[in-house]
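According to the UniProt record's numbering, the stretch in the sequence shown is residues 1 to 683, in order.
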Amino acid sequence: MDLTLSRADYLQVGVTSQKTMKLLPTSRQRATQKVVIGDQDGVVMCFGMKKGEAVSVFKTLPGQKVSRLELGGALNTPQEKIFIAAGSEIRGFTKRGKQFLSFETNLTESIKAMYISGSDLFLSASYIYNHYCDCKDQNYYLSGDKINDVICLPVERLSRVTPVLACQDRVLRVLQGSDVTYEIEVPGPPTVLALHNGDGGDSGEGLLFGTSDGRLGLIQITASKPIHKWEIRNDKKRGGILCLDSFDIMGDGVKDLLVGRDDGMVEVYSFENANEPVLRFDQMLSESVTSVQGGCVGKDGYDEIVLATYSGWVTGLTTEPTHKESGPGEELKLNQEMQNKIASLRTELEHLQLKVLQERENYQQSSQSSQAKSTVPSFSINDKFTLNKDDASYSLVLEVRTAIDNVLIQSDVPIDLLDVDKNSAVVSFSSCDTESNDNFLLATYRCQANTTRLELKIRSIEGQYGTLQAYVTPRIQPKTCQVRQYHIKPLSLHQRTHFIDHDRPMNTLTLTGQFSFAEVHSWAVLCLPEVPEKPPAGECATFYFQNTFLDTQLECAYRKGEGIFKSDNISTISILKDVLSKEATKRKINLNISYEINEVSVKHTLKLIHPKLEYQLLLAKKVQLIDALKELQVHEGNTSFLIPEYRCILEEADHLQEEYKKQPAHLERLYDCMKWKGRQRRR
Numbered sequence: 001m002d003l004t005l006s007r008a009d010y011l012q013v014g015v016t017s018q019k020t021m022k023l024l025p026t027s028r029q030r031a032t033q034k035v036v037i038g039d040q041d042g043v044v045m046c047f048g049m050k051k052g053e054a055v056s057v058f059k060t061l062p063g064q065k066v067s068r069l070e071l072g073g074a075l076n077t078p079q080e081k082i083f084i085a086a087g088s089e090i091r092g093f094t095k096r097g098k099q100f101l102s103f104e105t106n107l108t109e110s111i112k113a114m115y116i117s118g119s120d121l122f123l124s125a126s127y128i129y130n131h132y133c134d135c136k137d138q139n140y141y142l143s144g145d146k147i148n149d150v151i152c153l154p155v156e157r158l159s160r161v162t163p164v165l166a167c168q169d170r171v172l173r174v175l176q177g178s179d180v181t182y183e184i185e186v187p188g189p190p191t192v193l194a195l196h197n198g199d200g201g202d203s204g205e206g207l208l209f210g211t212s213d214g215r216l217g218l219i220q221i222t223a224s225k226p227i228h229k230w231e232i233r234n235d236k237k238r239g240g241i242l243c244l245d246s247f248d249i250m251g252d253g254v255k256d257l258l259v260g261r262d263d264g265m266v267e268v269y270s271f272e273n274a275n276e277p278v279l280r281f282d283q284m285l286s287e288s289v290t291s292v293q294g295g296c297v298g299k300d301g302y303d304e305i306v307l308a309t310y311s312g313w314v315t316g317l318t319t320e321p322t323h324k325e326s327g328p329g330e331e332l333k334l335n336q337e338m339q340n341k342i343a344s345l346r347t348e349l350e351h352l353q354l355k356v357l358q359e360r361e362n363y364q365q366s367s368q369s370s371q372a373k374s375t376v377p378s379f380s381i382n383d384k385f386t387l388n389k390d391d392a393s394y395s396l397v398l399e400v401r402t403a404i405d406n407v408l409i410q411s412d413v414p415i416d417l418l419d420v421d422k423n424s425a426v427v428s429f430s431s432c433d434t435e436s437n438d439n440f441l442l443a444t445y446r447c448q449a450n451t452t453r454l455e456l457k458i459r460s461i462e463g464q465y466g467t468l469q470a471y472v473t474p475r476i477q478p479k480t481c482q483v484r485q486y487h488i489k490p491l492s493l494h495q496r497t498h499f500i501d502h503d504r505p506m507n508t509l510t511l512t513g514q515f516s517f518a519e520v521h522s523w524a525v526l527c528l529p530e531v532p533e534k535p536p537a538g539e540c541a542t543f544y545f546q547n548t549f550l551d552t553q554l555e556c557a558y559r560k561g562e563g564i565f566k567s568d569n570i571s572t573i574s575i576l577k578d579v580l581s582k583e584a585t586k587r588k589i590n591l592n593i594s595y596e597i598n599e600v601s602v603k604h605t606l607k608l609i610h611p612k613l614e615y616q617l618l619l620a621k622k623v624q625l626i627d628a629l630k631e632l633q634v635h636e637g638n639t640s641f642l643i644p645e646y647r648c649i650l651e652e653a654d655h656l657q658e659e660y661k662k663q664p665a666h667l668e669r670l671y672d673c674m675k676w677k678g679r680q681r682r683r
């Protein structure tokens, strides 16, 4: 069955955060539902659609940023009470907009995630989880890494309270009270959790998760252990997952899985068999999808996928056909409806133009006043700087509510800018004086009209660390710019992993001295990505890493007065020694440094590099032959006289050139790695 959906934009609110839009339930099946949404201006709005127009039910005054919005109510009754998290406060509203709850949690950090089940309230800040029952504190947990989302298995079905935390260190933590029952390792940093089919599935224990690198999975959370059901890899290299919902949009009686991603992709997966979901529909929007819900909003009887985007648009992908077959009477009625809509839009446009003129006059008067304060307009930026395991590059995503005019990229360390297919901006490079001002890169991206999201790809060199800066200028008046800084770490191409191969030949770096646990942890944060800023609970810490470029590994184990670093790559040990020595010297800490170098590790690492080097050399040779082979093909009229190898190169010419273009300095990097090995061995 094919799924055809038509897009309809309903209205725009302020910039929205993840999971801040819901549909209120109705008593009648497939009747139009009200939409409730909260934005970063602190406004909560509830509206419905009537004759194609958005009609407001209620709208609150601005306040603190709404970071989460959930629906709640007594168990086994319609969930129609609205709860929002703003700062450290929880507020509750009826479906008519009357506030009935204002609960100050007294958390020291702002609430990042929230889940409601009956009278139970589950909250998490960056590292702290709290469970309240009837607004009374019940349980507490301090996580070792950032908490991205929180959920609880359905209490009404399992007769036990089982909260689950999605943590940045690629782990789902299942709690019982204030203690961790067990941990579940997942393939990427989990960003969102949802109950399978909205109620936990057949067992009530089914939990869906989405990760920041675009993977999707289902796990059964039993009382004693997890059971992994299925996992979908992100083979199409799409964005990270921000929101999930279950709804029967296909109309076959089985709930489908709705997925919203941070690159604007919306997906529908159906369950044709019990094993794994199948992708049935996808559509690209121009900005991040922060919330997704299945229901009926535009017109009775027509199901749709309702989306909230980063810039605040509430959009529907509806099953209602855009072109209807109708008789003469109905056609006249449709024409009249269309004329009324056009007249309404013209009136709204005139009103907006008048409002813009008034605001411009007000701005001119206020800026020319002798007592005028700074009137530089502010704008929010949604940014993400993440390491891609597949090609060992960093992805920098910049998203602004208004159109971006240009982005200036400046770096004080050598980096390569790689091509991105989705990027339509024009890039120009400026020459840099590396000796006098430490500028290694200065590039400007000039965006096309209506570009609100820009994605860049960057490859760094391990051992060279510093700061990458992005100067973002939107198309607003007066001209204003914001700067975002991103740290490129000494071991920037290393990524956290759950385990390593202990049978590999390892080199060891041991540090001893008068340093605290917090100090040695801060050194690990400086050197490596994905290490939590706060020291983990306890007296010691162990982290495992994998080099995404060479597939080598690193083990870090440290405590007060001692740090042990093991790697099968001697270059990694050398970089750590240089950086940690500098940091200790800055803080006037006397370090005792000792090595254990395993000669076999050099051969082992070269064996890892060899197939990569061989592949890149062969790719470069094939690309060099393409032009000559094409000329021969034109001259001779066919390719029958060529050997099979050359015919294959011609057939795959576009693919080979595209792959070579994506890896402009891959071969040089591999040569550099081999030279570094030689220098370390001579030492």
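By construction, the Cβ of each residue, glycine as well, lies at the ideal position given by its N, Cα and C atoms.
Rounded straight-line distance, which links the Cα of residue j to that of residue i
| i | j | result |
| --- | --- | --- |
| K81 | T386 | 37 angstroms |
| A653 | A443 | 30 angstroms |
| L11 | T451 | 20 angstroms |
| Y544 | V531 | 10 angstroms |
| S424 | A470 | 18 angstroms |
| V266 | C46 | 23 angstroms |
| E348 | Q339 | 14 angstroms |
| S380 | V426 | 23 angstroms |
| G87 | A125 | 10 angstroms |
| A54 | T60 | 16 angstroms |
| T181 | L207 | 16 angstroms |
| S366 | R360 | 10 angstroms |
| G251 | L3 | 10 angstroms |
| I128 | G52 | 44 angstroms |
| G239 | T32 | 31 angstroms |
| E533 | V407 | 29 angstroms |
Distance CB(residue i)-CB(residue j) smaller than 8 angstroms
| i | j | result |
| --- | --- | --- |
| I570 | I597 | yes |
| L5 | T318 | yes |
| R504 | H604 | yes |
| L441 | K489 | no |
| T314 | V44 | It is worth fixing the name first, because residue 314 is Val in this sequence and not Thr. Contact flag unset, no. |
| T191 | N148 | yes |
| G63 | D39 | no |
| V164 | I221 | yes |
| L398 | D419 | no |
| L188 | S212 | The sequence shown places Gly at residue 188, not Leu. For G188 and S212, yes; Cβs fall inside 8 angstroms. |
| T512 | G466 | no |
| Y660 | V623 | yes |
From the options, residue whose alpha carbon lies closest to that of residue i
| i | options | result |
| --- | --- | --- |
| D9 | D145, L23, K112, L285 | L285 |
| V634 | E645, L650, L619, A620 | L650 |
| V289 | E462, F281, T309, L258 | T309 |
| Q477 | E462, T402, L491, Y486 | T402 |
| L509 | N139, N592, N106 | N592 |
| L625 | N382, Q176, Q657, G264 | Q657 |
| V153 | Y115, E185, Y140 | Reading off the sequence, residue 153 comes out as Leu, not Val. Ranking the options by Cα distance to L153, first place goes to Y115. |
| V155 | A74, Y486, K255, H502 | A74 |
| Q507 | F515, L554, Y465, D179 | Per the sequence shown, the amino acid found at residue 507 is Asn instead of Gln. For the residues F515, L554, Y465, D179, the minimum Cα distance to N507 belongs to L554. |
| E462 | V579, E350, Y302, L606 | V579 |
Segment limits, alpha helix (DSSP H) that includes residue i
| i | result |
| --- | --- |
| P644 | 644-651 |
| C527 | 517-527 |
| H610 | 599-636 |
| L580 | 570-586 |
Beta carbon proximity, residue i to chain B, threshold 8 angstroms
| i | result |
| --- | --- |
| M506 | Here there is only one protein chain, and chain B is not present. |
Boundaries of the beta strand (DSSP E) in which residue i is found, first to last residue
| i | result |
| --- | --- |
| Q495 | 494-497 |
| E304 | 304-309 |
| L550 | Premise fails: L550 is in no beta strand (DSSP E) and is neither H nor E. |
| V192 | 190-195 |
| E533 | Unbroken run through E533: none, as it is neither H nor E. |
| T467 | 466-474 |
| L317 | 313-318 |
| E183 | 179-185 |
Near the ligand GTP: residue i beta-carbon under 7 angstroms from a heavy atom
| i | result |
| --- | --- |
| D419 | In the structure on display, the ligand GTP does not appear, and there are no ligands present to speak of. |
May I have a chain-ordered list of the alpha helix (DSSP H) segments no shorter than 4 residues that lie completely inside the segment 146-174? 155-158
Output the residue ranges of the beta strand (DSSP E) runs that lie fully inside the segment 227-252 and measure 3 residues or longer, sorted by chain position. 241-247
Fully enclosed by the segment 4-43, which alpha helix (DSSP H) runs are 4 residues long or longer? none
At what residue ranges does the segment 73-144 contain a whole run of the beta strand (DSSP E), taking only runs of 3 or more? 81-86, 89-93, 99-104, 113-117, 120-124, 128-133, 136-142
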